[in-house]
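Enquirer: Chains as they are written, first to last, in this note's numbering: chain A, 507 to 807; chain B, 507 to 807; chain C, 507 to 807; chain D, 507 to 807.
A virtual CB, placed ideally from N, CA and C, is assigned to each residue, including glycine.
There are 4 protein chains.
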Amino acid sequence: MPLSPEHQAEIDELRARPQSTLRSTAAGMEGHLYTAYPVLDHGFVRVIDYMGDDAAICQAARVSYGRGTKSVSNDEGLIRYLMRHWHSTPFEMCEIKLHVKLPVFVARQWIRHRTANVNEYSARYSILDREFYIPAPEHVAAQSTVNNQGRGELLEGGEAARVLEILKADSARAYDNYEAMISQDGQQGLARELARMNLPANIYTQWYWKVDLHNLFHFLRLRADAHAQYEIRVYAEEICKLVADWVPFAYKAFEDYRMGGATLSATALDCIRRMVKGEEVTQETSGMSKGEWREFMQVVG
Amino acid sequence: MPLSPEHQAEIDELRARPQSTLRSTAAGMEGHLYTAYPVLDHGFVRVIDYMGDDAAICQAARVSYGRGTKSVSNDEGLIRYLMRHWHSTPFEMCEIKLHVKLPVFVARQWIRHRTANVNEYSARYSILDREFYIPAPEHVAAQSTVNNQGRGELLEGGEAARVLEILKADSARAYDNYEAMISQDGQQGLARELARMNLPANIYTQWYWKVDLHNLFHFLRLRADAHAQYEIRVYAEEICKLVADWVPFAYKAFEDYRMGGATLSATALDCIRRMVKGEEVTQETSGMSKGEWREFMQVVG
Amino acid sequence: MPLSPEHQAEIDELRARPQSTLRSTAAGMEGHLYTAYPVLDHGFVRVIDYMGDDAAICQAARVSYGRGTKSVSNDEGLIRYLMRHWHSTPFEMCEIKLHVKLPVFVARQWIRHRTANVNEYSARYSILDREFYIPAPEHVAAQSTVNNQGRGELLEGGEAARVLEILKADSARAYDNYEAMISQDGQQGLARELARMNLPANIYTQWYWKVDLHNLFHFLRLRADAHAQYEIRVYAEEICKLVADWVPFAYKAFEDYRMGGATLSATALDCIRRMVKGEEVTQETSGMSKGEWREFMQVVG
Amino acid sequence: MPLSPEHQAEIDELRARPQSTLRSTAAGMEGHLYTAYPVLDHGFVRVIDYMGDDAAICQAARVSYGRGTKSVSNDEGLIRYLMRHWHSTPFEMCEIKLHVKLPVFVARQWIRHRTANVNEYSARYSILDREFYIPAPEHVAAQSTVNNQGRGELLEGGEAARVLEILKADSARAYDNYEAMISQDGQQGLARELARMNLPANIYTQWYWKVDLHNLFHFLRLRADAHAQYEIRVYAEEICKLVADWVPFAYKAFEDYRMGGATLSATALDCIRRMVKGEEVTQETSGMSKGEWREFMQVVG
């Protein structure tokens, strides 16, 4: 269960006290505020605050382009135009602040997105809880044989069971020893900043993460992608749902131009022109390597 | 007059429609929202949106430091502690979006603060208005004789009058010619992206500027400083007033530790220790250069 | 003439003194070091320093992917793979430092690329030179009638001549008055930080600009693009030539995947799949707006 | 032993082949290039490349301030002036690229410095080595009783021995199980991206880390500070030695103004003025809290 009763009580209290504001509000987001949406076995994502909406993107674009934006008759058309032409700054005018609970190995990947603000729970100051990510059996997969960085088929029953047994036992023992080392019961107690080094990467941490919409879209494009590791992808997918309700026009444009789109090379575009004219193009006549051709076929095939 | 009637009508309308929100609100900031505070002869600063308040800073800090922050009994004490120990990330959890109208030569200095989001009015797309900054007579000062980058005494009457005459006449002529070049009356009309090059640096531009509180404090420390150029300082001072009402504890800590504080070198600290013990320290015995000693005397003298 | 004799002498001296180093060097770049390549009428671009080469990109990638990169047999293949899959961090491991002289209105566009280091000549401290950009007659174009932000046809003779006359006369007068205001001959002399506001946006400034290769490619993709304003595009094109000699594999991949490539939406990809199968697709049956369809036709037509 | 024989052979080969370059070189740094300086039990720091030197800082400053820098007669004086007045951009004109091997819990702290380029060894792609940080007995300390985030006294013999025993045993078991899970001997083998979650935070990782000198100084000020955790401080101290040889003037100014200096609040400066005049100031009459007064006494006492 991702939320403690105290936590839930705090959320209930916050949700019970609407304030009056002159700021623009996004109705679709107000309904999500503070609610902790479960991700993985102990994690969650919840929205703490947000700034702006679809209209705020257009408002900022109209400051930049002035009368130049008059020709685009409505907000959705303008947002699609901005997305299509990589006018990224108006999307930076929206901001979101999330509270995320996630395993450390996911956090390590996530933090590589540098253009964001972060406050992470510090295991130097405080004691981590006994919460570890243990994959569901349907996610315990073998190393991919075709892709160095991915997983392939599911492990067969016996092997999967052994893996889960190891992960559970090692997590439990590591935490028992963590507690034993910091205990001040009959001993001095090891410094927390040292004791934490015994904890494995599937322990949960949490942070506040604040990011603008342009950089959030960049994060989502990489992490909600089918090639992303499952354990970070589920966070990205949960955030996608929130963003779809927050800025519906922008999210729809993002889906069409980024998530569902593809960047094609000059060579690939040349092949397309030939194919559209009826020419039969093969890998040999394409000018692409085998790997590129395989990826190209997945896009146009 | 910085605001057009249309602009004022838009502000009045926005201020007339409070929304209900579950987000945290800052009462001191709600009172300022949208109002255009005049700066210089045609400029202004107005708050378009904000995220967070003093409590949000503490909330983020408590995620990081967990039980470690329990010892600090109240929000103001915690904020002062964070500021004093350069724990900057909790301040990044607040965000503000401003609409600013400002002369181009001020904008050029301002934009050097890179950690911010900007949408500027584009003179490629749109036509700039005929608005130029002409200094008030009490700001028409001579080049400083002691400081390469500052101004010194006021220009005497006749010289000041000549300067103002030049600035007004050159601005007017530049704009007349700008209009003449882009006019499509009986001619094709020069492209705006080319015509704009004739406009001097005292013409007004405008932008949306969005920044987190940590980076805003950095901006304010440099630009509200007595050594900053007057024309950017007045913007910074206006923003200071808004921030003081938005996050009163954080602003007070900023005033004490940053604006009113000073960074002293190891050499300077050594001198202070000797002086406190009663030793007479002079520039010669201080280990400082003449310039450093003069600055040091201004701090401790 | 972009270079003063003193400047040229300094370059000649620097080029006459090769040093011994253990760092990796790029032969193609050593030949360009310090040379000021002219751009526009008074501008230039010259390389002051660089870090890394094609091999450095691969070296960094191999730290990340370890044995995972063994399957790609050579450096060029690896670099193409990295570029195709948006693995941007290895490209950040190369860095370049340029000295650029450019008109202020170009500098204002350029500086919007925030992930770079800049030292610009300061007109608060120092006096600007009498150098203004005056377009060549073949670049004096009318406002585009189809594109709010671009130029269209060339101005006809008489109109172009009038434009050039205005730009020259206004530049000369503005500079005369700038000099008159700061002169300390028989008067106090206006502070430089004030006098600079009289100078138009076609005056030249200069800066040192340091950027990593990933962010430089992003800059070049936008600014060497056919839709970029001519006056910044010529700088980008000059830099492209330098980069092609510095990191030839990376530059070639950039040309294929970025400059010559295109990002297509999900809707566009669907149309391509239908067209490849022989279906006749029109704007009406495409699901695209007229504007999108026109752009799509330019890519695949 | 931090370096494998293959690694050492690669370094020896690189050091045996000096190249000719026209770039500026720093003699003090050339002597360090590639050499892996050991840190902790298995870690190291080594310089892969660098850009610029003390002269490059001054060169960039002179572009900015033009004739304004003439009054400062020499490079060292100019660098001290820049450091004292927070003119940070000239320091950004130097860049360094390091190869660092470090425990994961140190890497997690380090990566919070966002303005840097990083390529980290990926445990999704590749298999981590069996190398764990085990503290030396003289660093096995208890939780501080006065500071929530630090360590206090050394653990007594028996307790320290138990801690080391736990860390060694848990590391070994975790790695045995990691190997067992990914093994493809008689089973499919768990995906690496999953198996890595079993590894504790004292396992070693490695990365290339590239940063400009301004941001490196910021890192060093925080991480070479006496309050930093010992395990990251030793890396910072090793880097300090390299920087001292690379840019000696800048490093000396950094030591005086940053490492050895202190930022005092307005309240503290007021106390100093009173104390210098001979007044007896106590915590009660200082206007400071007890915590602030204690820190103040450490600075001036």
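#1: Would you kindly work out how many angstroms separate the C-alpha atoms of A/Met507 and D/Ile688, rounded to a whole number?
#2: Measure the C-alpha to C-alpha separation of D/Ser795 and D/Phe802 and round it to an integer number of angstroms.
#3: I need the DSSP call for C/Lys796, collapsed to helix, strand or coil.
#4: Can you give me the C-alpha to C-alpha distance between A/His513 and A/Thr651, rounded to a whole angstrom?
#5: Using alpha carbons as the reference points, say which of D/Leu696, D/Lys674 and D/Gln693 lies closest to D/Ala707.
#6: Can you give the Cα-Cα distance for B/Thr773 and D/Lys783, rounded to whole angstroms?
#7: Can you tell me where the alpha helix (DSSP H) with B/Asn653 in it begins and where it stops?
#8: Identify the continuous beta strand (DSSP E) that holds A/Ala768 and give its terminal residues.
#9: Taking 6 Å as the limit between beta carbons, can you name the residues of its chain near D/Arg727, skipping five residues before and five after?
#10: Given D/Asn623, which residues of its chain have a CB within under 6 Å of its CB, disregarding the five upstream and five downstream residues?
#11: So what does A/Ser526 bridge to, in DSSP terms?
#12: Measure the Cβ-Cβ separation of B/Phe725 and B/Ala742 and say whether it is below 9 Å.
#13: For A/His605, which residues in the same chain have their Cβ closer than 6 Å to its Cβ, ignoring the five residues on either side in sequence?
#14: Kindly indicate the opening and closing residues of the beta strand (DSSP E) around A/Trp713.
#15: Buried or exposed: D/Trp616, going by 16 or more other Cβ atoms within 10 Å of its Cβ?
#16: Can you tell me which residues form a DSSP beta bridge with D/Arg552?
#17: Classify C/Gly664: buried if its beta carbon has 16 or more other beta carbons within 10 angstroms, exposed otherwise.
#18: Got a sec: is the Cβ-Cβ distance from D/Met599 to anything in chain C below 9 Å?
#19: Does the region 732 to 739 of chain D touch the region 696 to 705 of chain D, meaning 3 or more C-beta pairs lie closer than 8 Å?
#20: Between the region 785 to 807 of chain A and chain B, which residues of the former have CB atoms less than 9 Å from a CB of the latter, in chain order?
#21: For chain C, check one thing: does any of its Cβ atoms lie closer than 9 Å to the Cβ of B/Asp527?
#22: Say whether chain A places a C-beta atom closer than 9 Å to the C-beta of C/Ala862.
#23: Check whether the region 529 to 541 of chain D and the region 588 to 602 of chain C are in contact - that is, three or more C-beta pairs closer than 8 Å.
#24: Which stretch, first to last residue, makes up the alpha helix (DSSP H) that contains A/Asn580?
#25: Chain A beta carbons: is any one of them nearer than 9 Å to that of D/Ile617?
#26: Residue range of the alpha helix (DSSP H) that B/Asn683 falls in?
#27: In the DSSP output, which residue or residues are listed as bridge partners for A/Gln623?
#28: Among A/Glu659, A/Leu748 and A/Tyr627, which residue has its Cα nearest to the Cα of B/Tyr571?
#29: Provide the residue span of the alpha helix (DSSP H) that contains A/Val545, from first to last.
#30: Is D/Trp713 close to chain C, meaning its C-beta is less than 9 Å from at least one C-beta of that chain?
#31: In the structure shown, what three-state DSSP assignment does C/Leu660 receive?
#32: For C/Asp762, does the count of other Cβ atoms within 10 angstroms reach 16, so buried, or fall short, so exposed?
#33: When you compare only the Cα positions, how much space is there between D/Lys747 and D/Glu644?
#34: Can you tell me which of the three DSSP states A/Met507 falls into?
#35: Helix or strand or just coil, what does DSSP make of A/Leu634?
Expert: Looking at the atomic coordinates:
#1: Note that A/Met507 has pLDDT 49, beneath the 50 cutoff, so the model's placement of it is unreliable and the number below is only indicative. Straight-line Cα distance between these residues: approximately 30 Å.
#2: 10 Å
#3: helix
#4: 43 Å
#5: D/Lys674
#6: 20 Å
#7: It is not in any alpha helix (DSSP H) - B/Asn653 carries neither H nor E in the DSSP assignment.
#8: Ala768 to Leu770
#9: Arg764
#10: Lys716
#11: B/Ser526
#12: yes
#13: Arg552, Ile554 and Tyr714
#14: Tyr710 to Asp718
#15: buried
#16: D/His605
#17: exposed
#18: yes
#19: no
#20: none
#21: Looking at the sequence provided, one finds Thr at residue 527 of chain B rather than Asp. Judged by the 9 Å Cβ criterion, B/Thr527 is not in contact with chain C.
#22: As shown, chain C starts at 507 and ends at 807. That puts residue 862 of chain C outside it, with no answer to give.
#23: no
#24: Element bounds for A/Asn580: n/a, residue is neither H nor E.
#25: yes
#26: Gly663 to Ile688
#27: Correcting the residue type first, residue 623 of chain A is Asn in the shown sequence and not Gln. In the DSSP output, where bridge partners are listed per residue, A/Asn623 has A/Lys716.
#28: A/Tyr627
#29: That residue, A/Val545, is in no alpha helix (DSSP H); its beta strand (DSSP E) goes Tyr543 to Val545.
#30: yes
#31: strand
#32: buried
#33: 23 Å
#34: A caution first: A/Met507 carries a pLDDT of 49, below 50, which makes its placement in the model unreliable, though a value can still be read off. Three-state DSSP puts A/Met507 in coil, outside helix and strand.
#35: coil
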